[in-house]
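Counting from 807, one number per residue, gives the positions in the sequence shown under the working numbering.
Every residue gets a Cβ at the ideal spot worked out from N, C-alpha and C, and that includes glycine.
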Amino acid sequence: MSHHFKETPENAITQSGIARVIPCKELDIGDPIKWLSLGLRDAMRTPILTAVYGVMFAVIPWFIMYLVEMTGWHLVIMPAIVCFMLIGPFLAAGLYDVSWELEKGHKPTFMHSLRAMRRNAVNEWGFGILLMVMMIFWLRVASLIHALYPSNIETTLESLMPFLVLGSIVGAGFTLAMLFVTAFTQPILMERKVDLATALLTSVNAVWVNKVPMLIWGAIIFTAVAIGFVTGFVGFIILMPLIGYASWHAYIDAISTKRARKYD
807 MSHHFKETPE NAITQSGIAR VIPCKELDIG DPIKWLSLGL RDAMRTPILT
857 AVYGVMFAVI PWFIMYLVEM TGWHLVIMPA IVCFMLIGPF LAAGLYDVSW
907 ELEKGHKPTF MHSLRAMRRN AVNEWGFGIL LMVMMIFWLR VASLIHALYP
957 SNIETTLESL MPFLVLGSIV GAGFTLAMLF VTAFTQPILM ERKVDLATAL
1007 LTSVNAVWVN KVPMLIWGAI IFTAVAIGFV TGFVGFIILM PLIGYASWHA
1057 YIDAISTKRA RKYD
């Protein structure tokens, strides 16, 4: 590994006393591209498994949209998003398992990756519920911003501007919060028998210490999701497994382990 191990500098996160913070390493700006290339290599080595997970990632949002169109949007969208937020982490755990099995020199199997979802199930569910609460909060804030917007003025770009700017700032803030919370929490939960608070604080700390590489990584994930939506979720079939595998490599690079990882 090219990374120099450096003890995590003390900061408010490591000093908080809420939970243990696993030390992290310092990342380089080019690392996100390396994670993608390692993720792509994993995908090429397990094409069938990758396709199975990719199709699952594409079918779920497609099914949500289908239900929304069938029934009128407001009744279905919330429970559907809730379902996706709860299922998403478990699908991701399956992908992490595939990369982890490859790292160990094993042949990944679908059944093994499904079993990975049970490894730290209580904390995984806790993580899913946390994501769901953040999502509901975000939807509430979005509808509040919408409610504040006066409906009686002409909809010119000028009149929409403050509304768009406020929405964008809040959206960006929320997206950043999601990056801090989700970057490494899940692979930590899957590989280590730790509680949710430890995993969350470790993730937040690792993103904080490596702001620039992690912002680049966040932008890559955001772009992948945007491409997925623009392509009617077809893009998810390839992009979601790729991001999943790459996230595992990001975790290996960022979070310290007692023994060296045998991954090139």
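| Asked | Found |
| --- | --- |
| Reduced DSSP secondary structure (H/G/I, E/B, other) of I828 | coil |
| Straight-line gap, F748 to V858 (C-alpha atoms, nearest Å) | Nothing can be reported for residue 748, as the shown portion of the chain is limited to 807 through 1070. |
| Straight-line Cα distance separating E964 from L954 | 16 Å |
| Buried or exposed by the 16-neighbour rule on C-beta atoms within 10 Å, applied to G911 | exposed |
| Inter-residue Cα distance where the pair is N1016 and T988 | 15 Å |
| Three-way DSSP call (helix, strand, coil) for I1061 in this model | strand |
| Neighbourhood of I1061 by C-beta, 7 Å cutoff - its chain only, sequence neighbours within 5 removed | I828, C830, F990, I994, T1008, A1012 |
| With 16 other Cβ atoms within 10 Å as the buried cut-off, status of Y872 | exposed |
| Test item: CB-CB of F863 and F1042 under 8 Å | yes |
| Beta-carbon proximity of Y902 to W1023, cut-off 8 Å | no |
| Nearest-angstrom Cα separation, counted from I870 out to T877 | 11 Å |
| Contact check, L844 vs A1052, beta carbons under 8 Å | yes |
| 8 Å contact criterion, which D1059 and D837 should meet: CB distance rounded | 6 Å |
| Cβ separation of T962 and V904, assumed to be a contact under 8 Å, to the nearest whole Å | Actually they do not touch by this definition, with Cβ atoms about 51 Å apart. |
| Inter-residue spacing [alpha-carbon to alpha-carbon] between G894 and M967 | 34 Å |
| Span of the alpha helix (DSSP H) around F990 | Neither: F990 is in no alpha helix (DSSP H) and is coded neither H nor E. |
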